[in-house]
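If you read the sequences in order, they're chains A and B. With my numbering applied, the first sequence covers -9 to 85. With my numbering applied, the second sequence covers -9 to 85. All C-beta atoms, glycine included, are put in the ideal place defined by N, C-alpha and C. The structure under discussion appears below in the form of structure tokens.
2 protein chains.
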Amino acid sequence: MTTQGQKSEQMMKVFKALADPIRLTIIQYLNGQDHEVTCGEVDQAIHIGKTAGSYHFKLLQEAGLITARKVAREKYVALDRSTVDRYLVHFWDNL
Amino acid sequence: MTTQGQKSEQMMKVFKALADPIRLTIIQYLNGQDHEVTCGEVDQAIHIGKTAGSYHFKLLQEAGLITARKVAREKYVALDRSTVDRYLVHFWDNL
DNA sequence: AATATAGTTCAAAATGTTTTGAACTATCTC
DNA sequence: GAGATAGTTCAAAACATTTTGAACTATATT
């Protein structure tokens, strides 16, 4: 079972993850794709360096907002829409 | 008209406002009330000082998450559920 | 094997947010 | 009017997040 404390910690991670313009831009970019893309592609598309990118992808991952899959050198990321649905769309049910 | 920049600034304010445990507790408290309450009542209920309270109420107000009405010495606040609906429940439409 | 590429990690600096007490304004009560 | 109450403002301290470059790991290419 998940405790209430764990649930609101996860909720906080989600809101903190969304409370940043770069990460919101990443989410928007991923939302426009219907398949997974590499971190490098996103970094280039939104004009951030790979170090900054790595940092932001880590937070998004920890929040459960993206899925990530490493294939050899490359890391493929995609939006995890179910997390947005759980914490935002169904906000009132989780509060 | 509201520009896209204005909309995402407001969205950021909403997420930043929700990305804090005290403010989330305030939201929860207000969600449990069906009428407006004073800042003092909330401060007492959730055990924070009035200075901290004032700071957090200001951010919640700027995010549009609460309405506030000053009556003489007292300030009555209430949850503005329409903002949650606009930015969270209908997240995908605003992105 | 040497070089290039994708991404991570680290630590320092820069920036942003939150807390706190003291002083303040405005209203209320005696 | 004097003293109490509700809330705000200010500035400093404490704390948290973000940025950056350099060094690193692992895989790919020649």
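- Put simply, the CB of B/SER44 is far from chain A, with every gap to its CB atoms at 8 Å or more.
- In the structure shown, A/THR73 adopts helical secondary structure according to DSSP, grouped into three states.
- Rounded to whole angstroms, B/LEU8 and B/VAL74 show a C-alpha spacing of 10 Å.
- Of the candidates A/GLY(-5), A/PHE81 and A/ASP70, A/ASP70 places its Cα closest to the Cα of A/ASP24.
- Against chain A, the beta carbon of B/PHE5 has neighbours under 7 Å at PHE5, LEU8 and ALA9, listed in chain order.
- Counting only runs of at least 3 residues, the region 29 to 65 of chain B fully encloses the following beta strand (DSSP E) elements, listed from N- to C-terminal order: 56 to 61.
- The region 52 to 61 of chain A and the region 41 to 56 of chain B do not touch, with fewer than three beta-carbon pairs separated by less than 8 Å.
- Contact of A/ASN21 with chain B is assigned, a C-beta pair being separated by under 8 Å.
- In this model, A/VAL79 and A/THR(-8) are separated by some 20 Å (Cα to Cα).
- Of the residues assessed, A/VAL61 falls on the exposed side of the cut-off, its CB having fewer than 16 other CB atoms within 10 angstroms.
- When only Cα atoms are considered, B/VAL4 and B/TYR77 end up about 8 Å apart.
- Note that the C-beta distance between A/ALA35 and A/TYR19 is below 8 Å.
- In this structure, DSSP gives B/ALA68 an extended state, which the three-state scheme calls strand.
- Neighbours of A/GLN18 in chain B, taken as residues whose beta carbon is under 8 Å from its own, are LEU85 in chain order.
- Here A/ARG13 is buried: its Cβ has 16 or more other Cβ atoms, across all protein chains shown, within 10 Å.
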